[in-house]
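Taking the numbering used here, the leading residue of the sequence shown gets 183, the next gets one more, and so forth.
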Amino acid sequence: MSRINVLKRAFVIGLAALLAACQTAQGPATSTAPVPATATPAVQTASLPTLSYTPATAVERGFSALVLNASTGEELYAVEADAPRFPASLTKMMTLYLLFEAVSTGRYALSSPLKVSAKAAAEPPAKIGLKAGSTITVEQAARALAVKSANDVALVVAENLAGSEAAFARQMTSKARALGLSKTRFVNATGLPDTSQVTSARDMAKLGMALKSRFPQYGSYYRAKSFSYNGRSFRATNNLIGKVSGVDGLKTGYIRMSGYNLVATANRGGKRLIVVVIGGQSEAARDREVTRLIEAYS
Numbered sequence: 183m184s185r186i187n188v189l190k191r192a193f194v195i196g197l198a199a200l201l202a203a204c205q206t207a208q209g210p211a212t213s214t215a216p217v218p219a220t221a222t223p224a225v226q227t228a229s230l231p232t233l234s235y236t237p238a239t240a241v242e243r244g245f246s247a248l249v250l251n252a253s254t255g256e257e258l259y260a261v262e263a264d265a266p267r268f269p270a271s272l273t274k275m276m277t278l279y280l281l282f283e284a285v286s287t288g289r290y291a292l293s294s295p296l297k298v299s300a301k302a303a304a305e306p307p308a309k310i311g312l313k314a315g316s317t318i319t320v321e322q323a324a325r326a327l328a329v330k331s332a333n334d335v336a337l338v339v340a341e342n343l344a345g346s347e348a349a350f351a352r353q354m355t356s357k358a359r360a361l362g363l364s365k366t367r368f369v370n371a372t373g374l375p376d377t378s379q380v381t382s383a384r385d386m387a388k389l390g391m392a393l394k395s396r397f398p399q400y401g402s403y404y405r406a407k408s409f410s411y412n413g414r415s416f417r418a419t420n421n422l423i424g425k426v427s428g429v430d431g432l433k434t435g436y437i438r439m440s441g442y443n444l445v446a447t448a449n450r451g452g453k454r455l456i457v458v459v460i461g462g463q464s465e466a467a468r469d470r471e472v473t474r475l476i477e478a479y480s
């Protein structure tokens, strides 16, 4: 064998040994695989109730609808009403529920000031533009949630009532269980995207009925077409108010993961309905379907 060939062979052997050493130090190739973008940190689900499905894998953007007689709870129409769905800003019905409960126990008055943190002020839209260090009254906060679905306000409520959003979310989930919402888990006060925040159309109907029956004195908040704060006027997100006869609430929601959601309440000739649509393809399509169901079952 020539001297050149000997040197080539030695180089190849040395390179192979070096590569083997690197692989041993790094461990198996699968250990470096990236975590999927949709994975949810384990800390978000710690101490939360177990559901009958795994939110990160079982919930998908799908269509659900439910019509109930709000006076009797009788089911009049249902499409995938118990399927797991993302609530989006329907979440704020529970934020309002806990805020009204705090008023009913005397912990807060409607005139009580709530402090605005820098974190709350930085929440993404929809928002009303709260400034860090300022305050907003309980009544202003409730109206902003009911009419504008303001994320900055939702976080203000969470932080003032529970000290942190995580602690407030645990209270929200605990209250959900107390109200019989077995398929609902909350991890934030806003409804902003999180694969661990899940519900069903039936649970949202139950929550809507509980909110209006337990705290009827705030019914005008959901019927309002606008809300004014700090010199600005904000139009209601519920397009059916003032347009569809008898509609007097309740809450809209949208994130890309869920589609367009609406829990609507209506009173037609003394018959009270609650209509839930989750997963509308567009705002207009959602509104048309809710209107159709109100007309069909009133």
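C-beta: ideal position from N, C-alpha, C; glycine also.
For residue j and residue i, believed in contact at Cβ under 8 Å, the rounded distance
i      : j      : result
Met388 : Gly362 : Position check: residue 388 holds Lys in this sequence, whereas Met was assumed. Indeed, because the Cβ distance is near 6 Å, the residues count as touching under 8 Å.
Ala478 : Met391 : The Cβ separation is near 20 Å, so there is no contact.
Ile476 : Val426 : 6 Å
Thr355 : Arg367 : 6 Å
Proximity of residue i and residue j at Cβ, strictly below 8 Å
i      : j      : result
Thr277 : Ala348 : no
Ile423 : Arg405 : yes
Lys309 : Ala332 : yes
Ser346 : Lys365 : no
Leu337 : Lys301 : yes
Ala448 : Gly428 : yes
Gln353 : Val369 : no
Asp264 : Arg417 : no
Phe282 : Lys330 : no
Lys313 : Val298 : yes
Ser415 : Lys453 : no
Best match in the options for proximity to residue i [C-alpha to C-alpha]
i      : options                           : result
Leu292 : Gly401, Thr381, Thr319 and Asn420 : Thr319
Ala270 : Gly255, Val241 and Ala284         : Val241
Arg243 : Ile437, Arg454 and Glu471         : Ile437
Leu272 : Asn420, Ala252, Thr254 and Phe350 : Asn420
Gly311 : Asn412, Ser294 and Met439         : Asn412
Met386 : Lys433, Glu465 and Val335         : Lys433
Leu455 : Arg289, Ala418, Thr473 and Glu283 : Thr473
Ala284 : Tyr403, Asp376 and Phe350         : Phe350
Met275 : Leu475, Thr254, Arg468 and Gly373 : Gly373
Asn443 : Asp469, Ile476, Thr377 and Glu257 : Asp469
Ser440 : Gly452, Asp430, Glu465 and Gly431 : Glu465
Pro375 : Gly315, Pro295 and Pro307         : Pro307
Neighbour flag for residue i against chain C, beta carbons, 8 Å
i      : result
Ile437 : Absence of chain C from the displayed structure is noted, only one protein chain being present.
Residue i Cβ short of 7 Å to the ligand HEM heavy atom set
i      : result
Ser253 : In terms of ligand content, the structure shown is empty, and the ligand HEM therefore cannot be addressed.
Do the region 243 to 250 and the region 456 to 469 meet, that is, are 3 or more Cβ pairs less than 8 Å apart? Yes, they touch.
Can we say the region 352 to 361 touches the region 320 to 328, given the rule of at least three CB pairs closer than 8 Å?
These segments do not touch.
Could I get the ranges of all uninterrupted alpha helix (DSSP H) runs contained in the region 378 to 421, with 4 residues as the minimum, in chain order?
Unbroken alpha helix (DSSP H) runs of no fewer than 4 residues, entirely contained in the region 378 to 421, are found at 383 to 396 and 401 to 405, following chain order.
Item to complete: Return the chain-ordered ranges of every alpha helix (DSSP H) run that is complete within the region 292 to 362 and spans a minimum of 4 residues.
Response: The DSSP assignment places complete alpha helix (DSSP H) segments of no fewer than 4 residues inside the region 292 to 362 at 300 to 303, 320 to 325, 333 to 344 and 347 to 360, in order along the chain.
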